[in-house]
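Right, one structure below, let's go through it.
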Amino acid sequence: MENRKKISVTIPCYKEENSVFEMYDRLIATFQKIPQYDYEIIYVDDCSPDNTWKKITQVCQRDKKVKGVHNITNFGPLRNIFQTVKYGTGDAVFILMGDLQQPPEKLIEFVTYWEKGYSAVIGAHANTQDHGLLSCFRTAYYRLMNSISTKQMIPRFSYFGLFDQSIIEILSEIEDQQPFFPGILVEYCNNIKVLDVPQEESKRGHSGQNFLKKYDQAMVSITSYTKLLMRLATFVGALIGIIAVLFSLYVMVMKLLHWDTYPLGIPTVIIGIFFLGAIQLFFLGILGEYVLSINERSMKKPLTKADKLLNFGEDEQA
Numbered sequence: 004m005e006n007r008k009k010i011s012v013t014i015p016c017y018k019e020e021n022s023v024f025e026m027y028d029r030l031i032a033t034f035q036k037i038p039q040y041d042y043e044i045i046y047v048d049d050c051s052p053d054n055t056w057k058k059i060t061q062v063c064q065r066d067k068k069v070k071g072v073h074n075i076t077n078f079g080p081l082r083n084i085f086q087t088v089k090y091g092t093g094d095a096v097f098i099l100m101g102d103l104q105q106p107p108e109k110l111i112e113f114v115t116y117w118e119k120g121y122s123a124v125i126g127a128h129a130n131t132q133d134h135g136l137l138s139c140f141r142t143a144y145y146r147l148m149n150s151i152s153t154k155q156m157i158p159r160f161s162y163f164g165l166f167d168q169s170i171i172e173i174l175s176e177i178e179d180q181q182p183f184f185p186g187i188l189v190e191y192c193n194n195i196k197v198l199d200v201p202q203e204e205s206k207r208g209h210s211g212q213n214f215l216k217k218y219d220q221a222m223v224s225i226t227s228y229t230k231l232l233m234r235l236a237t238f239v240g241a242l243i244g245i246i247a248v249l250f251s252l253y254v255m256v257m258k259l260l261h262w263d264t265y266p267l268g269i270p271t272v273i274i275g276i277f278f279l280g281a282i283q284l285f286f287l288g289i290l291g292e293y294v295l296s297i298n299e300r301s302m303k304k305p306l307t308k309a310d311k312l313l314n315f316g317e318d319e320q321a
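So for the sequence shown, this note's numbering puts the first residue at 4; every next one is plus one.
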């Protein structure tokens, strides 16, 4: 029998007990429509506190083409997603979030573009479930990153995509305790196809990405892919210093010329102090983010650590 290309589907999961079975059923139905491809399905549970792992175990017992990985603790979405792709052994790896906000059936369209020669086929959200502050934050973030970053980020990036094994090999060589997948992808791959895909309602009932988690991811990207903010701090500091000297000379001259009538302007001084204090605290915060990032990366910790593997040949321990 002619060797078939193999597609590895990797599914990062956290509290996805409501979607494990449906995810499997929809993926099997999808692969039945493209029988020319072999496949494996890999669930990676980031130490969910619910019945996610129990249901993954049940699926693995039903189908040996399904593999399960259970992390020893919760490592967070950035680290778990980045590690997840390394479990794939196929000619391409398909990343699919475990909450079913992204339709598994899109794999067929993604494969079509992959066969045309694209190394990465990305699904960008045509719509999002973010509202209010989160929506404004997302829009402002992409505008900021594409203004100050050394690389142009893919707008509405969702981690949903099909990646050639050549890209996975590059990712496997990267040793970073705070990997920023979108930045790494555009840095090492110049053959990317971006498709608009709908974002469906999460089977969890709500998105697992709140403001604080997205803020943390934004800080990882900023500290990884731009030097401009720290250089801006130097520029702003020098500019404010020059303005302060010129204003001081102006006040001195005006006071000498109008000794009895020119006010010293205590309110102006107070406003100036608060303004300078705000500028200093802002850039100290940015500096702190860089220091935290350096500290995290210098620890050389493993990206994730699994304590249970299913259908990898060693079912007892990772």
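Note that beta-carbon positions come from the ideal geometry of N, C-alpha and C, so glycine has one too.
Distance, Cα to Cα, residue i vs residue j?
i, j, result
"M156", "P266", "52 Å"
"P185", "Y162", "8 Å"
"K251", "F277", "Note on residue identity: the sequence assigns Ser, not Lys, to residue 251. Each residue's Cα considered, the two are about 17 Å apart."
"T33", "Y293", "44 Å"
"M233", "Y121", "36 Å"
"V197", "V114", "13 Å"
"K154", "L147", "12 Å"
"F238", "G280", "16 Å"
"I245", "H261", "24 Å"
"F24", "V12", "15 Å"
"Y218", "I44", "31 Å"
"L165", "L235", "37 Å"
"E108", "M26", "10 Å"
"D318", "V88", "Legend: pLDDT at D318 = 47, less than 50; position of this residue unreliable, value from coordinates given subsequently. Their Cα atoms are separated by approximately 20 Å."
"L306", "E176", "12 Å"
"M4", "I289", "Confidence at M4 is low in this model, with a pLDDT of 45, below 50, so the placement of that residue is unreliable and no value is reported for it."
"K150", "R141", "At residue 150 the sequence reads Ser, which differs from the Lys that was named. Cα-Cα distance, rounded: 14 Å."
"N6", "A221", "42 Å"
"V223", "Y144", "12 Å"
Taking the alpha carbon of residue i as the reference point, which residue from the options has its own alpha carbon closest?
i, options, result
"D48", "Y17, K70, D28, R65", "Y17"
"R159", "E172, D167, P201", "P201"
"L110", "A221, R29, K58", "R29"
"G71", "L81, P80, K58, F285", "K58"
"I14", "I282, Q181, G91", "G91"
"E329", "D263, I187, I243", "The requested residue 329 does not occur in the structure, where the chain is confined to residues 4 to 321."
"K308", "K8, G79, D66, T60", "G79"
"I282", "Y253, A241, L249, N314", "A241"
Identify whether residue i lies in helix, strand or coil by the three-state DSSP scheme.
i, result
"N21", "coil"
"D318", "Low confidence applies to D318: its pLDDT is 47, below 50, so where it sits in the model is not reliable, and the reading given next is rough at best. Three-state DSSP puts D318 in coil, outside helix and strand."
"E43", "strand"
"L312", "strand"
"F78", "coil"
"S227", "helix"
"M4", "With a pLDDT of only 45 at M4, under 50, the local geometry of the prediction cannot be trusted, and no value is derived from it."
Do residue j and residue i have their beta-carbon atoms positioned less than 8 Å apart in this structure?
i, j, result
"D167", "W117", "yes"
"I75", "C50", "yes"
"D310", "S205", "no"
"I125", "I195", "yes"
"P182", "L249", "no"
### Query
Which runs of the beta strand (DSSP E) spanning at least 3 residues fall entirely within the segment 171 to 202, listed in chain order?
195 to 200
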